[in-house]
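Single-structure report; data block below.
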Amino acid sequence: MWLYADIKTIADIPRLYARTRPNKVALVDGSGALTFAALDERSSRIANLIIGLGIPARSNIGFLGKNSSLYFQLLFGINKAGSTMSPMNWRLAAPELASVIADAEAPLLFADRELMPLVQAVQAICPQKFQVVEIDPANTASSFDAAVAGASNLDPRAPLEPEQAALLIYTSGTTGKPKGVELTHRGFHYMRLCEHLEPALQWQDDDVMMMVMPNFHLVGSGLSIQSLYNGGTLSILPQLDPGQLIQVIQRDRPSIVALVPTAIQMLLDHPDSKTADFSSLRLVMYAGSPISAHLLARALREMKCKFMQFYGATESSGAISLLRPEQHVIDDEAKLKSCGTPLPLIDVKFVDPNGVEVPDGEVGELMVRSPSLFGGYWKQPDTTAAVLKDGWYKTGDAGRRDAEGLLYLVDRVKDMIVTGGENVYSAEVEQVLAKHPGVRMCAVIGLPDDKWGERVVALIMPNDGHKPTQDEIISHCRQYIAGYKVPKEVRLVDTFPMTATGKVLKRVVRDELARAAAGKS
Numbered sequence: 207m208w209l210y211a212d213i214k215t216i217a218d219i220p221r222l223y224a225r226t227r228p229n230k231v232a233l234v235d236g237s238g239a240l241t242f243a244a245l246d247e248r249s250s251r252i253a254n255l256i257i258g259l260g261i262p263a264r265s266n267i268g269f270l271g272k273n274s275s276l277y278f279q280l281l282f283g284i285n286k287a288g289s290t291m292s293p294m295n296w297r298l299a300a301p302e303l304a305s306v307i308a309d310a311e312a313p314l315l316f317a318d319r320e321l322m323p324l325v326q327a328v329q330a331i332c333p334q335k336f337q338v339v340e341i342d343p344a345n346t347a348s349s350f351d352a353a354v355a356g357a358s359n360l361d362p363r364a365p366l367e368p369e370q371a372a373l374l375i376y377t378s379g380t381t382g383k384p385k386g387v388e389l390t391h392r393g394f395h396y397m398r399l400c401e402h403l404e405p406a407l408q409w410q411d412d413d414v415m416m417m418v419m420p421n422f423h424l425v426g427s428g429l430s431i432q433s434l435y436n437g438g439t440l441s442i443l444p445q446l447d448p449g450q451l452i453q454v455i456q457r458d459r460p461s462i463v464a465l466v467p468t469a470i471q472m473l474l475d476h477p478d479s480k481t482a483d484f485s486s487l488r489l490v491m492y493a494g495s496p497i498s499a500h501l502l503a504r505a506l507r508e509m510k511c512k513f514m515q516f517y518g519a520t521e522s523s524g525a526i527s528l529l530r531p532e533q534h535v536i537d538d539e540a541k542l543k544s545c546g547t548p549l550p551l552i553d554v555k556f557v558d559p560n561g562v563e564v565p566d567g568e569v570g571e572l573m574v575r576s577p578s579l580f581g582g583y584w585k586q587p588d589t590t591a592a593v594l595k596d597g598w599y600k601t602g603d604a605g606r607r608d609a610e611g612l613l614y615l616v617d618r619v620k621d622m623i624v625t626g627g628e629n630v631y632s633a634e635v636e637q638v639l640a641k642h643p644g645v646r647m648c649a650v651i652g653l654p655d656d657k658w659g660e661r662v663v664a665l666i667m668p669n670d671g672h673k674p675t676q677d678e679i680i681s682h683c684r685q686y687i688a689g690y691k692v693p694k695e696v697r698l699v700d701t702f703p704m705t706a707t708g709k710v711l712k713r714v715v716r717d718e719l720a721r722a723a724a725g726k727s
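For the sequence shown, the residue numbers in the working numbering are 207 to 727.
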C-alpha cells in the first residue's frame with residue numbers, strides 16, 4: 207500500500223535516500239547543491255548540535271528565515287532530535303512574532319542573520335525566553351556551519367511517535383489569536399498515500415520541483431516535502447521575485463513549480479518572460495484562488511505546460527481536492543472557478559448551520575474527512591474541538607457541489623481575505639485599528655484587485671472630532687502588523703449596516719462597494 211514503506215516519519219526521508227540514491231542532488235539553491243547523502247549527514251550533525259544545546263525532545267523549535275537549503279537541513283535535523291520544526295513568518299511585526307514564539311513555548315530559534323534586528327526586538331518584549339542560533343544560508347563559512355561541522359555525524363535516532371508533530375505551522379485565527387497547527391508524522395504519512403493513489407500526482411525519477419512560496423505556508427513546505435519524499439530534486443528560491451524566478455528556471459530546469467495565480471501573472475508580465483525558456487516545465491500547480499480564463503489561456507500559450515489547481519488547508523496536511531489538467535477548459539470559465547474533486551481517501555460534504563448535509567447545488571459549509579488531518583491546535587483544545595466533529599474538519603469555507611461532483615467555494619464563513627496568496631483575517635486588522643484614538647468603529651473587508659486577487663480595505667467610523675487620514679491609519683497599522691495585512695485603502699463612513707446583535711454586516715458592505723465600483727466602470 208505504501209510507496210516507500212521505510213518512510214514512516216519526516217526524519218526517514220534523508221535516511222532512505224542516503225542509502226538508495228546517495229549521490230542524487232536533493233537540494234539546490236544559490237549556495238550550491240546538496241546530495242541526499244550529504245543532507246542525511248548534515249541533518250544528523252544538526253540534530254546532535256540541538257541535543258548538545260540542552261534542548262529537550264518534543265520541543266517546538268522556531269525557524270525564522272527565507273527559503274534555503276538550510277531550512278530543510280534544519281527541518282530534518284530538528285525531527286531527528288525528536289522535536290518539532292516551527293517555521294515562522296519573517297514578515298510579521300515584532301509584537302506578532304513575539305506572540306507566536308510565546309505561544310509555541312519555543313526554547314530555541316534559528317534565525318537568519320539579516321533578520322537579527324527583528325529577533326532582538328522580539329526578545330525585548332517576548333515573555334518566552336529562548337536561545338538564538340544565528341544562521342547565514344549564503345555563507346558556508348559561518349560560525350553556525352563551524353558548529354555543525356564539529357558535531358557528531360551519527361544519527362541520534364531520537365524516538366518519534368506517529369501522533370507527534372513534525373511541523374507546527376501558525377495561522378491567524380478569526381479572533382486574532384495565533385493558532386499553531388500540529389502537522390503530525392502520521393498525517394504526512396497518510397497525505398503521501400492519498401497522493402500516491404491519485405493519477406494526476408505521479409512523480410518521475412528526474413523531476414525537479416521549484417520551491418517559490420514561503421516555508422511558513424504549507425504550500426511552500428508541504429509540496430517541498432512531497433517532492434523530497436518521492437526522491438525529487440528541490441530547487442529553492444529565497445522568495446518570490448519574478449526576474450529571479452525566470453533566471454533560476456533557466457539554471458535548474460525544473461519540471462514542476464507551485465505558484466499562486468498572482469505570481470503567475472507577475473511572472474508573465476516580467477519583461478524577461480518574453481525570451482524565457484519554459485520548456486523544462488511539465489506542470490504548474492497553483493493554489494490560493496481560481497485562475498481566470500484569460501490568464502490560463504495566456505499561461506498555456508506562453509509556458510506550454512499543464513496546469514493543476516489544488517485546494518487545501520493547513521489543517522488537512524496538504525491538498526483536499528484537485529482541478530486536474532484535463533479539467534482546465536479555457537472556453538468553460540465557470541468550470542475554471544471550481545476547485546475540482548477530492549483526492550482518493552478524502553471525503554467532503556456541505557452542511558447547513560445545524561450540521562445537516564445539504565443537497566448538491568445548495569450552499570453549505572465544507573467539511574472534510576481525511577486520514578491526513580492535523581493533530582489539533584497547539585494547547586487550544588476548545589478551538590480544536592470546535593472544528594473537529596466526529597472525524598470531520600469544519601473548513602469554515604462555504605460552497606457547493608455540482609451535478610458533476612465538482613466543488614465550488616462561493617464565500618468564506620471565516621472573514622478571511624486572500625491577498626497575493628497570503629491569508630489576512632479581518633479580526634487581526636480590526637484589533638489594530640481599534641487602538642487608534644480616532645477610530646470609533648471599523649470593519650475590514652477584501653475587495654477584488656487585478657494585481658493581488660483581493661486588497662485589504664478598512665472602513666472607519668471616526669470618533670467625534672477626529673478625521674484620520676489614510677496615510678495616518680496605514681502608518682499606525684505598520685507598527686503592529688505585517689505589511690501585507692496593512693489596508694491598501696481606507697474609507698471613512700458615517701454608519702454601518704448592523705445585525706440585531708450589533709455586528710457589522712460585512713457581506714452587505716462588500717456588495718454595496720462592489721456595486722459602487724461597477725457603477726463607476
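The C-beta atom is built at its ideal place from N, Cα and C for all residues, glycine as well.
Beta-carbon proximity of residue i to residue j, cut-off 8 Å
i    : j    : result
N254 : S358 : yes
F394 : A372 : yes
I462 : R488 : yes
I442 : V234 : yes
K272 : A364 : no
L501 : Q515 : no
A317 : Q334 : no
C683 : V638 : yes
V306 : Y223 : no
A464 : V425 : yes
L594 : G605 : no
L711 : L653 : no
V418 : L451 : yes
V699 : I666 : yes
Coarse secondary structure for residue i, derived from DSSP in three states
i    : result
F282 : helix
L440 : strand
L639 : helix
A688 : coil
E247 : helix
Y223 : helix
K480 : helix
L542 : helix
P587 : helix
T701 : coil
D447 : coil
V339 : strand
L374 : strand
A308 : helix
T520 : helix
Cβ shell of residue i (< 6 Å), same chain only, five flanking positions each side left out
i    : result
T390 : E369, A371 and G581
Q445 : K272
E695 : V663
S292 : N266, G268, A310 and L374
Integer Cβ distance of residue i from residue j, believed to fall under 8 Å
i    : j    : result
S522 : V624 : Contact flag wrong, Cβ pair sits at about 17 Å.
L189 : G268 : Within the shown structure, residues of the chain are numbered from 207 to 727, placing residue 189 beyond reach of any answer.
I213 : Y517 : With a Cβ gap of about 26 Å, I213 and Y517 do not count as contacting.
A228 : F242 : For the record, residue 228 in the displayed sequence is Pro; it is not Ala. Indeed, because the Cβ distance is near 6 Å, the residues count as touching under 8 Å.
L366 : T215 : 5 Å
A649 : V715 : 6 Å
L321 : L403 : Not quite, the Cβ-Cβ distance comes to about 40 Å (not below 8 Å), so this is no contact.
I552 : C332 : Their Cβ separation, rounded to whole angstroms, is 38 Å, which puts I552 and C332 out of contact at 8 Å.
Close-in-space but distant-in-sequence residues of the same chain around residue i (CB under 7 Å, 5 per side omitted)
i    : result
S249 : P220, Q279, F282, G283 and K286
V557 : E563, V564, G570, E571 and M573
V414 : G438, T439, S441, D458, R459, P460 and S461
I252 : Q279, L280, G283 and V354
G149 : Residue 149 cannot be examined here, being either before or after the span of the chain that is shown, 207 to 727.
L474 : R504, A505 and E508
S427 : P293, L373 and N421
Spatially closest choice to residue i from the options, by CA coordinates
i    : options                   : result
P460 : A353, F484, I470 and Y492 : F484
R607 : C545, A640 and R661       : C545
L360 : M419, E247, I470 and W409 : E247
A499 : K541, T675 and L551       : K541
K383 : L665, T601, T226 and K585 : K585
L276 : M509, N421 and N560       : N421
V630 : A211, M419, G597 and V692 : V692
E610 : D566, G602, S576 and A649 : D566
M509 : G356, R530, A347 and T481 : T481
D596 : L579, F513 and R721       : L579
L245 : P531, S274 and G258       : S274
Close Cβ partners of residue i (< 8 Å) along its chain, the five nearest in sequence each way excluded
i    : result
Y686 : A299, P301, E302, V638 and K641
C511 : F484, L487, R488, L489 and V490
P668 : G644, V645, R646, P674 and L698
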